[in-house]
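Notes follow once the structure below has been shown.
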Amino acid sequence: PSPSPWHYRNHIQFSVAEDGRLGFLAARSHRVVPIEECHILHPLLEEPLVALDLALPGLLRLSLRAGVNTGEQMVIFETADDEPPALEVDMPISCVLLLSDGTPVNLIGSNYIFEEVARRRFRISAASFFQVNTPVTERLIELVASYLDLMGGEVLLDAYCGVGTFGLSLAERVGQVIGIEENPFAVADADFNAGELENVTLIEGRVEDVLPDLDERINVAILDPPRGGCEPEALQALSELAPSRIVYVSCDPATLARDVRRLGEIGYVLVEAQPIDMFPQTYHLESVALLRRADRESG
Numbered sequence: 002p003s004p005s006p007w008h009y010r011n012h013i014q015f016s017v018a019e020d021g022r023l024g025f026l027a028a029r030s031h032r033v034v035p036i037e038e039c040h041i042l043h044p045l046l047e048e049p050l051v052a053l054d055l056a057l058p059g060l061l062r063l064s065l066r067a068g069v070n071t072g073e074q075m076v077i078f079e080t081a082d083d084e085p086p087a088l089e090v091d092m093p094i095s096c097v098l099l100l101s102d103g104t105p106v107n108l109i110g111s112n113y114i115f116e117e118v119a120r121r122r123f124r125i126s127a128a129s130f131f132q133v134n135t136p137v138t139e140r141l142i143e144l145v146a147s148y149l150d151l152m153g154g155e156v157l158l159d160a161y162c163g164v165g166t167f168g169l170s171l172a173e174r175v176g177q178v179i180g181i182e183e184n185p186f187a188v189a190d191a192d193f194n195a196g197e198l199e200n201v202t203l204i205e206g207r208v209e210d211v212l213p214d215l216d217e218r219i220n221v222a223i224l225d226p227p228r229g230g231c232e233p234e235a236l237q238a239l240s241e242l243a244p245s246r247i248v249y250v251s252c253d254p255a256t257l258a259r260d261v262r263r264l265g266e267i268g269y270v271l272v273e274a275q276p277i278d279m280f281p282q283t284y285h286l287e288s289v290a291l292l293r294r295a296d297r298e299s300g
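Going by this note's numbering, the first residue of the sequence shown is number 2, and it counts up by one from there.
Spelled out as structure tokens, the structure:
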């Protein structure tokens with residue numbers, strides 16, 4: 002379970018109603034339901050809502066992000082015409098305009114924040130993904146590590162690596178980390194976050210495009226894809242690299258089940274799966290599954 006059932010989210014995205022009020026989209030609709038308060042926001046995200054004048058013309062979406070263990074805060078604006086809003090800020094906060102093509106433009110402060118997880122410091126840019134529940138992310142990293150059962154010296158594939166949350170946290174326990182990530186801003190963050198680590202290789206590209214050309218011997222692998230799961234080509238290429246263990250981190254049980262079935266058809270056996278309450282007060286959950294190669298499952 003999550004240590005904090007309320008006030009846990011370090012990142013939230015609001016849509017903007019026609020009258021300028023912030024809210025969320027109604028289920029299966031483009032209608033914005035305005036809200037007065039949100040009880041799953043971390044207190045660091047509540048402060049900007051009170052302190053900033055957010056009734057801005059042309060505003061489509063507004064996101065808030067915070068480093069729970071660093072105290073850093075960020076506001077991310079998305080506007081109809083990609084024009085920056087006029088801002089007056091009297092608090093230490095970063096403000097970023099996210100263009101329609103996904104490019105972040107720094108308005109005030111930095112276009113990133115820092116968060117500390119698993120004794121590492123991570124830079125997270127406005128356009129990069131990071132888990133929304135920081136304390137649970139700490140536990141998630143340790144669960145992934147326990148499933149991998151690392152002995153030291155392994156080559157670890159970190160597919161869909163983002164800013165390096167898993168691979169960099171485990172880099173000192175393995176011989177080499179190979180991270181693959183499609184988002185160029187996340188790759189830049191991961192490169193920065195690798196810091197002094199000399200056993201990390203980062204590759205920018207889609208996993209299904211990179212894996213077939215990878216000529217490294219992979220011992221163990223982490224998959225942490227978006228909600229839509231892995232492309233069949235990615236799973237096939239991974240099976241040909243023949244890691245002894247795969248740990249699959251998923252935020253959608255349906256796509257996890259689909260991909261576990263596909264992996265079962267190409268040589269892997271599901272050993273164990275563990276749900277994680279990453280999103281209290283919602284029906285969403287994180288799941289972690291351990292798979293082993295069928296010819297080594299008895300070992």
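Every residue gets a Cβ at the ideal spot worked out from N, C-alpha and C, and that includes glycine.
(request) Report the three-state DSSP secondary structure of Asp180 (helix, strand or coil). (result) Sequence check: residue 180 is Gly here, not Asp. Here Gly180 sits in strand by DSSP.
(request) Tell me the start and end of each unbroken beta strand (DSSP E) in the segment 53-81 that is at least 3 residues and wholly inside, in chain order. (result) Taking 3 residues as the shortest admissible run, the segment 53-81 contains the following complete beta strand (DSSP E) segments, listed from N- to C-terminal end: 60-67, 74-80.
(request) Can you check DSSP and say which residues form a bridge with Ile114? (result) Beta bridge pairing from DSSP links Ile114 with Ile125.
(request) Going by CA-CA distance only, name the one from Leu224, Gln177, Asp82 that's closest to Leu239. (result) For the residues Leu224, Gln177, Asp82, the minimum Cα distance to Leu239 belongs to Leu224.
(message) I'd like to check one pair, Val164 with Ala127: are the Cβ atoms closer than 8 Å?
(response) Not in contact: Ala127 and Val164 (Cβ atoms no closer than 8 Å).
(request) For Val90, name the three-state secondary structure that DSSP assigns. (result) Residue state for Val90 is assigned as coil, using DSSP reduced to three classes.
(message) Could you tell me which whole beta strand (DSSP E) segments of length 3 or greater appear in the segment 216-246?
(response) Whole beta strand (DSSP E) segments, 3+ residues: 221-224.
(request) Compare the beta carbon distance of Leu171 and Arg246 with 8 Å and say whether it is the shorter of the two. (result) No, they are not a contact pair.
(request) Please work out which residues of its chain come closer than 8 Å, Cβ to Cβ, to Pro44, disregarding the five sequence neighbours upstream and downstream, and give them in chain order. (result) Cβ within range, chain order: His8.
(request) Using beta-carbon positions only, say whether Glu199 and Val175 come within less than 8 Å of one another. (result) Taking 8 Å as the Cβ cut-off, Glu199 and Val175 do not qualify as a contacting pair.
(message) Going by the DSSP bridge assignment, what does His43 pair with across the sheet?
(response) None, per the DSSP bridge assignment.
(message) So, for His12: in the same chain, excluding its five sequence neighbours on each side, which residues have a beta-carbon less than 6 Å away from its beta-carbon?
(response) Arg66, Val133, listed in sequence order.
(request) Report the option in Ile204, Leu50, Ile277, Glu47 whose CA atom is closest to the CA atom of Val145. (result) Taking only the C-alpha atoms, the option nearest Val145 is Ile277.
(message) DSSP three-state label for Leu291, please.
(response) Strand.
(request) Excluding the 5 residues preceding and the 5 following Ile36 in the sequence, name in chain order all residues of the same chain whose CB lies nearer than 6 Å to its CB. (result) In chain order, Gly24 place their CB closer than 6 Å to the CB of Ile36, counting only its own chain and leaving out the 5 sequence neighbours on each side.
(request) Would you decide whether Thr283 is buried or exposed? Buried here means 16 or more other CB atoms lie within 10 Å of its CB. (result) Burial call: exposed.
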